[in-house]
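Below is one structure, written out as structure tokens, with a few remarks after it.
Protein chains: 4
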Amino acid sequence: MTPSAAGPALVEKLVLANRILYRHGVVDGFGHASARHDGSSGHFLLARNMAPGLVRREDIVTFDLDGNALDAGGRRVYLERFIHAEIYRARADVRAIVHSHSPSVIPFGVTKQRLRPVFHMSGFLAEGSALFEIRDVAGDTDMLIGNGRLGVALAAALGSRSIVLMRGHGSTVVGASVEQAVYRAFYAEVNARLQLQARQLGKVTYLNAREAAKAAATNDTQLQRVWDLWTQEIGDVG
Amino acid sequence: MTPSAAGPALVEKLVLANRILYRHGVVDGFGHASARHDGSSGHFLLARNMAPGLVRREDIVTFDLDGNALDAGGRRVYLERFIHAEIYRARADVRAIVHSHSPSVIPFGVTKQRLRPVFHMSGFLAEGSALFEIRDVAGDTDMLIGNGRLGVALAAALGSRSIVLMRGHGSTVVGASVEQAVYRAFYAEVNARLQLQARQLGKVTYLNAREAAKAAATNDTQLQRVWDLWTQEIGDVG
Amino acid sequence: MTPSAAGPALVEKLVLANRILYRHGVVDGFGHASARHDGSSGHFLLARNMAPGLVRREDIVTFDLDGNALDAGGRRVYLERFIHAEIYRARADVRAIVHSHSPSVIPFGVTKQRLRPVFHMSGFLAEGSALFEIRDVAGDTDMLIGNGRLGVALAAALGSRSIVLMRGHGSTVVGASVEQAVYRAFYAEVNARLQLQARQLGKVTYLNAREAAKAAATNDTQLQRVWDLWTQEIGDVG
Amino acid sequence: MTPSAAGPALVEKLVLANRILYRHGVVDGFGHASARHDGSSGHFLLARNMAPGLVRREDIVTFDLDGNALDAGGRRVYLERFIHAEIYRARADVRAIVHSHSPSVIPFGVTKQRLRPVFHMSGFLAEGSALFEIRDVAGDTDMLIGNGRLGVALAAALGSRSIVLMRGHGSTVVGASVEQAVYRAFYAEVNARLQLQARQLGKVTYLNAREAAKAAATNDTQLQRVWDLWTQEIGDVG
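Residue numbers (our numbering), protein chains in the order written: chain A, -12 to 225; chain B, -12 to 225; chain C, -12 to 225; chain D, -12 to 225.
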């Protein structure tokens, strides 16, 4: 069933998310952000196949949870829309997703190291990052989540965590809102950089599970602060 | 007793401090700078709860040393105003404070390494950085200095030094003026980066205590040079 | 035989390539990009001797495969045009070349380490980078490919690969189009940074040969996405 | 004897040098560039005490080789003008000097490692960097070259080389022209970054003495290329 149009505020928020992620180096010419449809939990919004830094309102397309575009109108869509589709299907709590090749996170995935919370800003890493090894489920591939079966496997690897590292590829972060998903994608990158440097200095005291959970809860009350900054830097999205 | 309004020059200086710290990557969407009230040593100025990079004159609020806002007018204030309140109470020599998650400093805190002066610009690190481990005073927390008791403990850890690293959180730098506190926050970050790199090359010859003290004294006569640069880059703060 | 003028679209593309490579830090004041002439496979286009970040349409000169400029009109040309000439002669499949001192790649050349594909974006590194040691062919030189004989030796070292590291100098990347050569030069630099960091974390799982080949094939279908971003950022090239 | 006014082209070049060095991160709020007077070999030009990024024509002051300002008109001058004075006295071949705290170079000085030429752009490092340990000549100081005696010692440590590292302080680079000194200061920083990274990868093959000398000679014929870029980026210096 075709849902009614998504709310304009959500569409604008998703456009902003794309621009913010590019401006702050979480995505480059590749990577994508999505939001669950605010009028239908069985649909989500994602830009057509394009660089996130250029996304405008009219580039946002609606997809169902099988990865079918409802209103692409012949425009090319992302090969990896199944990342989003299958995570939205598996995780009712998720309302926004960021897939990126965020640079400092990649070295952790390819060495099968976990991201762990270095500081309170990354309390959402309490359980550590999950890891997805595509070889285990599909042998030698082009590394991309190009169909539903791979999307299902990725969602399974993610489990209940907030981030899954994808070996030789990138990572995917989930959130309960667009703001939270962008926040987490940004601070996963920051945390990775800090974790890499801290390891060079000596034994690292990470936040323990209770510290991380408490910090995450407090941070969630402060998301508007950084969202205001980031959106004001982007300005009008046209 | 309610103090008279702070001097407009001090308010402008504090606004500039916030903007400079963001522009130069010492703070991101979080972190804050304060100044002791120039008309009442029992009060201090601090922005309302917002990203430092967006602070304008009208966002500056007056607080007493218990962390109570006098003129917030219902606006949200920072959870961690107690960092400022308790350090101003404990240290009569301190007239400005910067709390940040300055990235290169974090790895030192979480590995319990001291910042030491690599070069003359960071002579203020002569005694090395102090370290605050919040677990020692409050067990598992959200890592934040969210009440006066934690503020007292942080101020005690700082002692007479110029900077205290906060494990799993960030750091706090103090100064005898807004310019000096901003200078120190900026060069603590620079020094951390240099110290991390120098350690990779071999045995580091740090400034000894007398070199550091002499360098710090000379640098204090040159603060205006860099303040002129930084403020001119910011331009009019509106 | 003098070819007719190159197509204006190709000339514009080459100007954009120069500007993009500077904007994204692949080249600095030095380095150069070329394209095989679209009307004569025995000629190629390359800017006159100048910083790539300043190149305009009128700076593009036509060369033959001996490195002779046809229309320089007395303007100085690059000392290292033989890099381009001899690779175009040796590799019929190559239609664009980027020579740079891209910073993260240099450490691999001087330690004789191979670049290997850390993630799918650098599937073109499947076979690893080739290495050129100029001492082996010419003893102690100024390190530059200043004549045809050195160009021939460099092309031989490159062989059928997509990138050759030049010890103590830089690297040269080839592509089947201007877009592909720019993409590869950009992601060779990104990959080098990732590879350096990943090695610090532990044993790296690189893409294997089949993964890399498949990823490269898929990426080639997505080049327009990043090219649109990069060209829009440059704007009008005058 | 008071020299006639320096040529306006030289003054402009020195202003540009200051701005370029700031724009490219070689200097921050501190550091300075000078040029030998083009009408009197016993004098040199240096800005008044100010951030290099703000220097304009009218800020350039003439000094004699004892470090006396001829036309400061009461304006404050740099404490470290003796770096310049004594090197100009000792080295007739030197026509421009850059003193900086260029970040990647500092770790080499404090660990008493030499900069060595990683690639052809830094052929001027052929002999390696010299090292100045101020403790050896003056015990515990504020680390600054604040008088002629220290300037003499620094010039002696420099000897006939192109760069001297100053432990716990920074470095000083000399050139036969403003362009060359700026080029060398810029590429000393680049080389330091490369050298640090290359060491992490394995055994480094540096340029040998003959390669470095030849590369340096060739590069000197290409200085205009990068100078054109850098000056065009700065634009009009007012």
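The beta-carbon is built from N, C-alpha and C at its ideal position, and this holds for glycine as well.
Nonlocal neighbours in the same chain, by C-beta distance under 8 angstroms from A:V64, ignoring five residues either side: As a first step, residue 64 of chain A must be located in the first sequence, where it is residue number 77. These residues qualify, in order along the chain: L33, R35, N36, V48, F50, A56.
Taking the C-alpha atoms as reference points, what is the distance between C:M108 and A:R78? Your numbering for residue 108 of chain C matches position 121 in the third sequence. Your numbering for residue 78 of chain A matches position 91 in the first sequence. In a straight line, the C-alpha of C:M108 is about 28 angstroms away from that of A:R78.
Interface residues of chain D facing C:H88 [CB-CB closer than 8 angstroms]: As a first step, residue 88 of chain C must be located in the third sequence, where it is residue number 101. In chain order: F106, M108.
Return the Cβ separation of C:A72 and C:L52 in integer angstroms, given the expectation that the two are a contact with Cβ distance under 8 angstroms. Indexing the third sequence from 1 puts residue 72 of chain C at position 85. Indexing the third sequence from 1 puts residue 52 of chain C at position 65. Sure, about 5 angstroms apart at Cβ, within 8 angstroms.
Residues from the segment 175 to 204 of chain A in contact with chain B, defined by Cβ distance under 8 angstroms: V177, R180, L181, Q184, A185, Q187, L188, G189, K190, V191, T192, Y193, L194, N195, R197, E198, K201, A202, A204
Could you work out which residues of chain C lie near A:F111, taking near to mean beta carbons separated by less than 8 angstroms? On the first sequence, residue 111 of chain A is found 124 positions in, with the first residue counted as 1. The contacting residues do not exist; A:F111 stays about 21 angstroms from chain C at best.
Threshold first: 4 residues or longer. Then list the alpha helix (DSSP H) segments lying entirely within the segment -7 to 38 of chain C, N to C. -5 to 10
If A:A125 sits next to A:L137, beta carbons under 8 angstroms apart, how far is it from one beta carbon to the other, in whole angstroms? The residue given as residue 125 of chain A occupies position 138 in the first sequence. The residue given as residue 137 of chain A occupies position 150 in the first sequence. Right, their Cβ atoms sit about 6 angstroms apart.
Coarse secondary structure for B:S109, derived from DSSP in three states: Residue numbering aside, residue 109 of chain B sits at position 122 when the second sequence is read from its first letter. Correct three-state label for B:S109: helix.
Got a sec: is the Cβ-Cβ distance from C:V213 to anything in chain A below 8 angstroms? Start at 1 with the first residue of the third sequence, and residue 213 of chain C comes out as number 226. Answer yes: the Cβ-Cβ gap between C:V213 and chain A drops below 8 angstroms somewhere.
Can you give the Cα-Cα distance for A:A311 and A:G133, rounded to whole angstroms? Because residue 311 of chain A is not part of the residues shown, which for chain A are -12 to 225, the question remains open.
Let me know if B:Q219 comes out buried or exposed under the rule of 16 or more other beta-carbons within 10 Å of its beta-carbon. For the purposes of this step, residue 219 of chain B is identified with residue 232 of the second sequence, where counting begins at 1. Classification of B:Q219: exposed, given that the 10 Å Cβ count is below 16.
Do you know how far the Cα of C:V139 is from the Cα of D:V42? Residue numbering aside, residue 42 of chain D sits at position 55 when the fourth sequence is read from its first letter. Residue numbering aside, residue 139 of chain C sits at position 152 when the third sequence is read from its first letter. Cα to Cα, D:V42 sits roughly 48 angstroms from C:V139.
Based on the DSSP secondary-structure assignment, which residues constitute the bridge partners of A:I150? Within the first sequence, residue 150 of chain A is the residue found at index 163, counting from 1. A:I150 pairs with A:V160.
Using CA coordinates, which residue listed in D:D129, D:S164, D:D127, D:R122 is at the minimum distance from D:A242? A question about residue 242 of chain D goes unanswered here, because the residues of chain D that appear run from -12 up to 225.
Cβ contact check for the segment 206 to 214 of chain A and the segment 179 to 190 of chain B: 3 or more pairs under 8 angstroms: no
Return the chain-ordered list of same chain residues with a C-beta closer than 7 angstroms to the C-beta of C:S91, the five sequence neighbours on each side being excluded. As a first step, residue 91 of chain C must be located in the third sequence, where it is residue number 104. Cβ within range, chain order: E176, A179, R180, L183.
Mind listing the chain C neighbours of D:Q100? Cutoff is C-beta to C-beta under 7 angstroms, in chain order. As a working mapping, residue 100 of chain D is identified with position 113 in the fourth sequence. Correct list: empty, because the minimum Cβ distance to chain C is about 16 angstroms.
Inter-residue Cα distance where the pair is D:L1 and D:A168: For the purposes of this step, residue 1 of chain D is taken as the residue at position 14 of the fourth sequence. For the purposes of this step, residue 168 of chain D is taken as the residue at position 181 of the fourth sequence. Each residue's alpha carbon lies about 11 angstroms from the other.
Beta-carbon spacing of D:G189, C:T208 below 8 angstroms: As a working mapping, residue 189 of chain D is identified with position 202 in the fourth sequence. As a working mapping, residue 208 of chain C is identified with position 221 in the third sequence. The answer is no: Cβ separation not under 8 angstroms.
Comparing alpha-carbon positions, which option in D:W217, D:A200, D:N206, D:A172 lies nearest D:V14? Taking the first residue of the fourth sequence as 1, we reach residue 14 of chain D at position 27. Checking every option, the nearest Cα to that of D:V14 belongs to D:A172.
Taking the alpha-carbon of C:V151 as reference, which of C:L112, C:P39, C:D80, C:D223 has the nearest alpha-carbon? Numbered from its first residue, the third sequence carries residue 151 of chain C at position 164. Of the candidates C:L112, C:P39, C:D80, C:D223, the one whose C-alpha sits nearest the C-alpha of C:V151 is C:L112.
Alpha carbon to alpha carbon, how far is B:M130 from A:A202? Stepping through the second sequence from its first residue, residue 130 of chain B is reached at position 143. Stepping through the first sequence from its first residue, residue 202 of chain A is reached at position 215. Whole-angstrom Cα-Cα distance: 6 angstroms.
Nearest chain D C-beta to C:I47 closer than 8 angstroms, yes or no? Along the third sequence, read from residue 1 onward, the residue named residue 47 of chain C stands at position 60. Cβ-Cβ to chain D under 8 angstroms: no for C:I47.
Cutoff 7 angstroms; reference B:Y193; Cβ partners in own chain excluding five residues on either side: Reading the second sequence from its first residue, position 206 is the one you call residue 193 of chain B. Contacts found: R103, P104, V105.
DSSP on D:D51, reduced to helix/strand/coil? As a first step, residue 51 of chain D is located in the fourth sequence; it is residue number 64 there, counting from the start. D:D51: strand per DSSP, three-state reduction.
Determine the extent of the alpha helix (DSSP H) in which A:H71 is found, giving its start and end residues. Numbered from 1 along the first sequence, position 84 holds the residue referred to as residue 71 of chain A. Residues 68 to 77.
DSSP state of A:V92 mapped onto helix, strand, coil: Translated into positions along the first sequence, residue 92 of chain A becomes position 105. Coil.
Terminal residues of the continuous beta strand (DSSP E) containing A:L118? Translated into positions along the first sequence, residue 118 of chain A becomes position 131. From DSSP, the beta strand (DSSP E) with A:L118 extends over 117 to 119.
With a threshold of 8 angstroms between beta-carbons, can A:F17 be considered close to chain C, or not? The residue you call residue 17 of chain A lines up with position 30 of the first sequence. Output row for A:F17: interface = yes.
Relative to the C-alpha of A:G146, which residue among A:R76, A:V191, A:E198 is closest? Here residue 146 of chain A corresponds to residue number 159 of the first sequence, with the count starting at 1. Cα-wise, what sits closest to A:G146 is A:R76.
Please report how far the alpha carbon of D:A20 lies from the alpha carbon of D:S(-9), in whole angstroms. Counted from its first residue, the fourth sequence places residue 20 of chain D at position 33. Counted from its first residue, the fourth sequence places residue -9 of chain D at position 4. Rounded to whole angstroms, D:A20 to D:S(-9) spans 21 angstroms at the Cα level.
Quick one: grab the DSSP three-state call for B:I132. Counted from its first residue, the second sequence places residue 132 of chain B at position 145. In this structure, B:I132 counts as coil in the three-state DSSP scheme.
Rounded separation between A:E67 and B:I93 - CA only: Within the first sequence, numbered from 1, the residue matching residue 67 of chain A stands at position 80. Within the second sequence, numbered from 1, the residue matching residue 93 of chain B stands at position 106. Distance between the alpha carbons of A:E67 and B:I93: 35 angstroms.
Output needed for A:A81: all residues of its chain with C-beta closer than 8 angstroms, excluding positions within five of it in sequence on either side, in chain order. As a first step, residue 81 of chain A is located in the first sequence; it is residue number 94 there, counting from the start. Note that residue 81 of chain A is Val in the sequence shown, not Ala. If we look at A:V81 and ignore the five residues flanking it on each side, its Cβ neighbours are R23, I74, Y75, V161, G162, A163.
Measuring only between beta-carbons, confirm whether B:A59 sits less than 8 angstroms from chain A. The count along the second sequence starts at 1 and reaches residue 59 of chain B at position 72. No, B:A59 lies away from the interface with chain A (no Cβ there is under 8 angstroms from its Cβ).
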